[in-house]
Amino acid sequence: MISGLAALTNLLFFLLQIFLLGKWEQISYDPFVISFLAAISIFCLAESWLGVTRCEVIEVSKKNRVDLILTQITGVVLLVVFSASLCEHLIYPVDLESSAHIVTGTATVLLGVHLRVSAFRKLENAFFSMPKVTVGQQLVVGGIYSFVRHPSEIGLVCISLGIVWLLSSLLGFLVLVLMLLPISYFRVAREESCLSQVFDKDYRHYKNNTPAIFPILGRKRAL
Amino acid sequence: MIFFGTRGLTLTGDSGDFFCPNCGSERPYKRRKVRRFFTLYFVPLIPLDLLGEYIECLTCKNTYNDKVLELAADVEADRKAFESEYERAVRKSMAIMVLADGVVDESEIDAMTSIYNSLTGKDASREDMALEIETTKNEDLAIEDYLESINGQVNANGKELVVRALISIAYADGDFDEEEQKTLIKALSALDITENHFKEIMDDFKS
Numbered sequence: 026m027i028s029g030l031a032a033l034t035n036l037l038f039f040l041l042q043i044f045l046l047g048k049w050e051q052i053s054y055d056p057f058v059i060s061f062l063a064a065i066s067i068f069c070l071a072e073s074w075l076g077v078t079r080c081e082v083i084e085v086s087k088k089n090r091v092d093l094i095l096t097q098i099t100g101v102v103l104l105v106v107f108s109a110s111l112c113e114h115l116i117y118p119v120d121l122e123s124s125a126h127i128v129t130g131t132a133t134v135l136l137g138v139h140l141r142v143s144a145f146r147k148l149e150n151a152f153f154s155m156p157k158v159t160v161g162q163q164l165v166v167g168g169i170y171s172f173v174r175h176p177s178e179i180g181l182v183c184i185s186l187g188i189v190w191l192l193s194s195l196l197g198f199l200v201l202v203l204m205l206l207p208i209s210y211f212r213v214a215r216e217e218s219c220l221s222q223v224f225d226k227d228y229r230h231y232k233n234n235t236p237a238i239f240p241i242l243g244r245k246r247a248l
Numbered sequence: 043m044i045f046f047g048t049r050g051l052t053l054t055g056d057s058g059d060f061f062c063p064n065c066g067s068e069r070p071y072k073r074r075k076v077r078r079f080f081t082l083y084f085v086p087l088i089p090l091d092l093l094g095e096y097i098e099c100l101t102c103k104n105t106y107n108d109k110v111l112e113l114a115a116d117v118e119a120d121r122k123a124f125e126s127e128y129e130r131a132v133r134k135s136m137a138i139m140v141l142a143d144g145v146v147d148e149s150e151i152d153a154m155t156s157i158y159n160s161l162t163g164k165d166a167s168r169e170d171m172a173l174e175i176e177t178t179k180n181e182d183l184a185i186e187d188y189l190e191s192i193n194g195q196v197n198a199n200g201k202e203l204v205v206r207a208l209i210s211i212a213y214a215d216g217d218f219d220e221e222e223q224k225t226l227i228k229a230l231s232a233l234d235i236t237e238n239h240f241k242e243i244m245d246d247f248k249s
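Residue numbers (the working numbering), protein chains in the order written: chain D, 26 to 248; chain E, 43 to 249.
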């Protein structure tokens, strides 16, 4: 029910945006808008399905305030990337050959969703909104984590990049580069610091043998 | 970070003064509610069910259920008998830990009584603890299930005291066996205690 509610609310938000811009009829003939709505819905359904069994209770304290703020900002910035891209496309539609753009854009979004789903399924209860290691938690280096250290962050960037590419949005691209990437970098740095502190030599070994973002194909993974 | 789904948030409700059983005098309090929210892009949008609610004394940070507001300052027996949420949690958690290895001996009951009284400032008897162990044995409760059920009634301060109690009882007989270690890890995970926080508590315990 939560997944359905999330997808519906998300869709309604963007439909409202289209309506307020007076571009309602564009839904029926613009393949870019249709693809955008479909891609966003898939992202939302996958994400909310992952979270359906978990309800993280966060108690704000001095120790986690910065991380909580970063997490909140990331959510809002993501929304801004999507909204800005959609608005720009609706107001200044780009005359392009649609199919290649739609296919590659949607494929990039789906890749991002796959990365996030894989990361969550590997970490399970160790997948938190903020960097922390609970007692008894082991360092996860297998599965998707044997290729890259931060698959969920890469997934997030892929989803954003896919949407921006799909809608050929310069504004969305600027928000992504100027806001989402720095915030993601900062969040990744804090996570690495937390993991290094707890797992020490094991994490250092993992870090030295596994790339952060771009997997090196053909290279033997040190597990 | 999951962008769409649910998240629990602790909200502050009404405030005022109340008679705190721990402080033994009038103290300011705040009502805290832990409520599940439906979130979109990590922004809490729609409030859902209530996960827990407690009265927090702003002086000693103890948490209590609603009934503490009805407590009369002049009834000594009521004041002494009223248990805060963390005191209840400490008692129950220690009982589960004691039952972890399947054997309950007299020294464990003595240790449990001593630790409880030391942490809470109460004057519980050996018989109270033995009764708690017996009740808990019949309930057949897993520690992680119990601690998850009280997550919305105990604040961070209370959780730390529960952890201290568990560590104290685990080391009480000098033998921290495998079953006790597993139970402690499950408890720490259920209370969402991080490795760093656990290290701080252990350093403090050892000193």
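Even glycine gets a Cβ: it sits at the ideal position worked out from N, Cα and C.
query: 8 Å Cβ cutoff, D/L135 in contact with chain E; result: no
query: Euclidean distance between Cα positions of D/K245 and D/I27; result: Note that D/K245 scores 48 on pLDDT, short of 50, meaning its location in the model is unreliable and no value can be drawn from it.
query: Collapsed DSSP secondary structure at D/R174 in the structure displayed; result: coil
query: Close-in-space but distant-in-sequence residues of the same chain around E/N180 (CB under 7 Å, 5 per side omitted); result: none
query: Delimiting residues of the beta strand (DSSP E) encompassing E/Y96; result: 85 to 99
query: Proximal chain E residues relative to D/Q97, where beta-carbon distance stays under 8 Å; result: F84, V85
query: Limits of the unbroken alpha helix (DSSP H) element including E/F218; result: No alpha helix (DSSP H) holds E/F218; DSSP gives it neither H nor E.
query: Reference E/S210, options E/Y83, E/V140, E/G66, E/Y128, closest by Cα; result: E/V140
query: Coarse secondary structure for E/S57, derived from DSSP in three states; result: strand
query: Supposed contact pair D/Y231 and D/L164 - C-beta distance, whole angstroms, cut 8 Å; result: 7 Å
query: Cβ-Cβ distance between E/G50 and E/V85 below 8 Å; result: no
query: Under 8 Å from the C-beta of D/I94: neighbouring residues of chain E; result: In chain order: nothing, as chain E lies at least about 11 Å away.
query: Option in E/Y158, E/G94, E/V110 with minimal Cα separation from E/R130; result: E/Y158
query: Simplified DSSP state of E/K183, which is helix, strand or coil; result: One detail in the question is off: residue 183 of chain E reads as Leu in this sequence, not Lys. E/L183: coil per DSSP, three-state reduction.
query: Beta bridge counterpart(s) of E/Y71 as assigned by DSSP; result: E/G58, E/C99
query: Cβ of E/F45 within 8 Å of any chain D Cβ; result: yes
query: Classification of E/Y96 by the beta-carbon crowding that lies within 10 angstroms, buried from 16 upward; result: buried
query: Distance, D/V189 Cα to D/Y135 Cα; result: In the sequence on display, residue 135 of chain D carries Leu and not Tyr. Approximately 14 Å, taken between the alpha carbons.
query: Reduced DSSP category for D/H126 - H, G, I as helix; E, B as strand; rest coil; result: helix
query: Chain D contact residues for E/L230, given Cβ-Cβ distances below 9 Å; result: T159, V160, G161
query: Straight-line Cα distance separating E/M171 from E/F124; result: 16 Å
query: Burial state of D/G168, where buried means 16 or more other Cβ atoms lie within 10 Å; result: exposed
query: Three-state class that DSSP yields for D/L206 in the structure shown; result: helix
query: Segment contact, 8 Å Cβ cut-off, at least three pairs: the stretch 101 to 121 of chain D with the stretch 42 to 51 of chain D; result: yes
query: Assigned exposure category for E/M154 - 16 Cβ within 10 Å defines buried; result: buried
query: E/T105: contacting residues in chain D (beta-carbon distance under 7 Å); result: Simply none; closest approach about 12 Å.
query: Span separating the alpha-carbon of E/T162 from that of E/I88; result: 38 Å
query: Proximal chain E residues relative to D/N234, where beta-carbon distance stays under 7 Å; result: In chain order: nothing, as chain E lies at least about 23 Å away.
query: Minimum Cβ-Cβ distance from E/T48 to chain D less than 8 Å; result: yes
query: Burial state of D/T131, where buried means 16 or more other Cβ atoms lie within 10 Å; result: buried
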